[in-house]
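Undergrad: Starting off with a structure, shown below.
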Amino acid sequence: MGRSRLHKALHRLLRPDVQEEPPRDPALVGLLAGSRFAGLPPQRADLGPRRARRVMEFVLDLAEQMFAAGTDTRAIEVSVVAVAATYGLSPFEFTIAGRTVFVQYAPRDREPQVMMKVARTDDGRDLYRAVMIYRLVEEVVHRDAGLAGAERRLRDIKRLRSRWPWWARLAGRTVLVSSITLQADGTPSGVLFAMGVLVLVDRTGWALARGGIPGYYATFVQASLVAGLGILAFDLEVLSLRAYASATAANLVLLLPVTSIVSLAQDAITRFGTLASVRLINVVLISGALFAGIATVGFIAGDVRVVGNAQNVRFVALPIGPALAAAAIGACAGAVAAGGAARLLPFAALTGTLSMAVRTLTQAHLSLPPALAVLCAAAALGVAASRLAPRLHVPPGALITPAIGASLLPGPDMYRSLSAYTAGSSGAGRQLLSALIVTVAIGAGIVLGRILGVKKELREEQVPRDQ
Numbered sequence: 048m049g050r051s052r053l054h055k056a057l058h059r060l061l062r063p064d065v066q067e068e069p070p071r072d073p074a075l076v077g078l079l080a081g082s083r084f085a086g087l088p089p090q091r092a093d094l095g096p097r098r099a100r101r102v103m104e105f106v107l108d109l110a111e112q113m114f115a116a117g118t119d120t121r122a123i124e125v126s127v128v129a130v131a132a133t134y135g136l137s138p139f140e141f142t143i144a145g146r147t148v149f150v151q152y153a154p155r156d157r158e159p160q161v162m163m164k165v166a167r168t169d170d171g172r173d174l175y176r177a178v179m180i181y182r183l184v185e186e187v188v189h190r191d192a193g194l195a196g197a198e199r200r201l202r203d204i205k206r207l208r209s210r211w212p213w214w215a216r217l218a219g220r221t222v223l224v225s226s227i228t229l230q231a232d233g234t235p236s237g238v239l240f241a242m243g244v245l246v247l248v249d250r251t252g253w254a255l256a257r258g259g260i261p262g263y264y265a266t267f268v269q270a271s272l273v274a275g276l277g278i279l280a281f282d283l284e285v286l287s288l289r290a291y292a293s294a295t296a297a298n299l300v301l302l303l304p305v306t307s308i309v310s311l312a313q314d315a316i317t318r319f320g321t322l323a324s325v326r327l328i329n330v331v332l333i334s335g336a337l338f339a340g341i342a343t344v345g346f347i348a349g350d351v352r353v354v355g356n357a358q359n360v361r362f363v364a365l366p367i368g369p370a371l372a373a374a375a376i377g378a379c380a381g382a383v384a385a386g387g388a389a390r391l392l393p394f395a396a397l398t399g400t401l402s403m404a405v406r407t408l409t410q411a412h413l414s415l416p417p418a419l420a421v422l423c424a425a426a427a428l429g430v431a432a433s434r435l436a437p438r439l440h441v442p443p444g445a446l447i448t449p450a451i452g453a454s455l456l457p458g459p460d461m462y463r464s465l466s467a468y469t470a471g472s473s474g475a476g477r478q479l480l481s482a483l484i485v486t487v488a489i490g491a492g493i494v495l496g497r498i499l500g501v502k503k504e505l506r507e508e509q510v511p512r513d514q
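Here the sequence shown is numbered in my numbering, starting from 48 and rising by one per residue.
As structure tokens, this is what we get:
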């Protein structure tokens, strides 16, 4: 017995120090941990060059359409990896650099195939397209949809037109701006003024885009219109200070690159630093254009009480009942403006009401600072969307996007910072930083909420059926 043990010990000591290469995860399924596809094994298939190329082209087109729909980057990564694993594309490498997607298929004893695609899109949202893509991915991964059928469905998605005509989306934005105006202590006259200004600003932006004007200059012109029309109405005593300030706050906050700021925070937290840097540049440029437009109007206005004399404005929060109603209506309007289908509206109202309730209660009854209250509300929104979305067969973003505009945007804070800057107040920088922190907290809270929501769902799936 002792001699046998000694022999084994000497064998382990004297044998060549050659370590076997650990098994690779060729389909990168480790990236699916913590997602709805967690534990998905890669399909074992020996793909020929032509079949591999078709699958690679499909996943690249899929990623491009998800970018076009405004899907968050982590969801794009999860979907592409899950589809590639399902179709047996392994060993497989995949990365997103900015808005460029790279894929590589490198089987043994064959030359690797590398392909890329650039998604030339902005940070807009198309909820109807996002829902169709989500369901396509579900069909591929969970119901073994064939590649030919999936390719046909993706071609149909590429040809999709907006769910609503332009005037319906514009109407949704006008209802949304009225909701934000009311939340900023607005009056009936202020609501009507805000809606009229939004229509003019929206059509101006559309005309400038049609003329090939870059977004920076379009935002400059739009911000100038918001500030100029408001100052004119206030100076002519068409509006009271309260009505003017709330209407201006609502229109200014809708000009902010809110989706870029929220996506920036999400990308930075979920390890997509390159795309976060690209979004940061866009945020800085658009914010700069916004400031420049308002400052220009302030300079031209001269001795007029610029942007409503921010020091005298007091924004009084709505009571909880009207606030919840405004958030529900605003979320429905936001869903229409983002192209969501009619069946999505009740659930958008539900998530908008939830986030407004959490924000109002934590700020009013727990005395949390605005940024922390928004973080809690966004986390609750992320959890609710992650739990509800699989049952509705829609992506969580389709429930989150409408609620952000209706209940979480820092309209009064942004108004104060911009007006203080224009008036030359010494506290303008601090107020602007506070408003930006609140906006970043939206993205951080949503990421946290979605992590918690998905983890709870995964734990439930592991419970035996007979319990």
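A virtual CB, placed ideally from N, CA and C, is assigned to each residue, including glycine. Everything numeric in this text was worked out from a predicted model, so none of it was measured.
Using a Cβ-Cβ cut-off of 7 Å (strictly less than) and excluding sequence neighbours within five positions of T251, which residues of its own chain qualify?
TA: The count along the sequence shown starts at 1 and reaches residue 251 at position 204. Hits under 7 Å: V268, Q269, L272.
Undergrad: Does DSSP put E158 in a helix, in a strand, or in coil?
TA: Here residue 158 refers to the residue found at position 111 when the sequence shown is read from its first residue. Coil.
Undergrad: Closer than 6 Å by C-beta to L207: which residues in its own chain qualify, once you throw out the five before and the five after it? Chain order, please.
TA: Taking the sequence shown and counting its residues from 1, the one referred to as residue 207 is at position 160. Cβ within range, chain order: R176.
Undergrad: Should the region 422 to 438 be called in touch with the region 254 to 265, which here means at least 3 C-beta pairs below 8 Å?
TA: Judged by Cβ distances under 8 Å, the region 422 to 438 makes no contact with the region 254 to 265, as fewer than three pairs qualify.
Undergrad: With DSSP collapsed to three states, give me the class of E198.
TA: For the purposes of this step, residue 198 is taken as the residue at position 151 of the sequence shown. Here E198 sits in helix by DSSP.
Undergrad: For A312 and G490, which I take to be in contact (beta-carbon distance under 8 Å), what is that distance rounded to the nearest angstrom?
TA: Translated into the one-based positions of the sequence shown, residue 312 becomes position 265. Translated into the one-based positions of the sequence shown, residue 490 becomes position 443. At roughly 3 Å, the Cβ-Cβ gap stays under 8 Å, so A312 and G490 are in contact.
Undergrad: Are at least three pairs of beta-carbons, each pair with one atom in the region 335 to 351 and one in the region 365 to 375, less than 8 Å apart?
TA: No, they do not touch.
Undergrad: May I ask you to report which of helix, strand or coil DSSP gives E140?
TA: Along the sequence shown, read from residue 1 onward, the residue named residue 140 stands at position 93. The answer is strand: DSSP assigns E140 an E or B state.
Undergrad: Helix, strand or coil for S225, going by three-state DSSP, please let me know.
TA: Locating residue 225 in the sequence shown gives position 178, where the first residue counts as 1. DSSP places S225 in helix when its eight states are reduced to three.
Undergrad: Between the beta-carbon of A380 and the beta-carbon of A297, is there less than 7 Å?
TA: Within the sequence shown, the letter at position 333 stands for residue 380. Within the sequence shown, the letter at position 250 stands for residue 297. Not a contact, by the Cβ cut-off of 7 Å.
Undergrad: Consult DSSP for T147 and reduce its assignment to one of helix, strand or coil.
TA: Translated into positions along the sequence shown, residue 147 becomes position 100. Correct three-state label for T147: strand.
Undergrad: Report the option in S481, E198, A453 whose CA atom is closest to the CA atom of T228.
TA: Translated into positions along the sequence shown, residue 228 becomes position 181. Minimum Cα distance to T228 is reached at A453.
Undergrad: DSSP three-state label for Y152, please.
TA: Position 105 of the sequence shown, counting from 1, holds the residue named residue 152. Here Y152 sits in strand by DSSP.
Undergrad: So, with DSSP's three-state summary, where would you put V441?
TA: The count along the sequence shown starts at 1 and reaches residue 441 at position 394. Note: V441 maps to coil in three-state DSSP.
Undergrad: Going by DSSP, what residues sit across from V165 in a beta bridge?
TA: Locating residue 165 in the sequence shown gives position 118, where the first residue counts as 1. V165 is bridged to T147.
Undergrad: Is P369 helix, strand or coil when you go by DSSP?
TA: Numbered from its first residue, the sequence shown carries residue 369 at position 322. Of the three classes helix, strand and coil, the one that applies to P369 here is helix, per DSSP.
Undergrad: Here's the rule I'm using: 16 or more other beta-carbon atoms within 10 Å means buried, otherwise exposed. How should S209 be labelled?
TA: As a first step, residue 209 is located in the sequence shown; it is residue number 162 there, counting from the start. Classification for S209: exposed.
Undergrad: Apply the 10 Å Cβ neighbour rule to G95 and answer buried if 16 or more other Cβ atoms are within range, or exposed otherwise.
TA: For the purposes of this step, residue 95 is taken as residue 48 along the sequence shown, with counting starting at 1. Its Cβ having fewer than 16 others within 10 Å, G95 is exposed.
Undergrad: The ligand MG heavy atoms versus the CB of S236: any closer than 6 Å?
TA: Ligands displayed in this structure: none; no statement on the ligand MG is therefore possible.
Undergrad: May I ask you to report which of helix, strand or coil DSSP gives Y134?
TA: Within the sequence shown, the letter at position 87 stands for residue 134. Three-state DSSP puts Y134 in coil, outside helix and strand.
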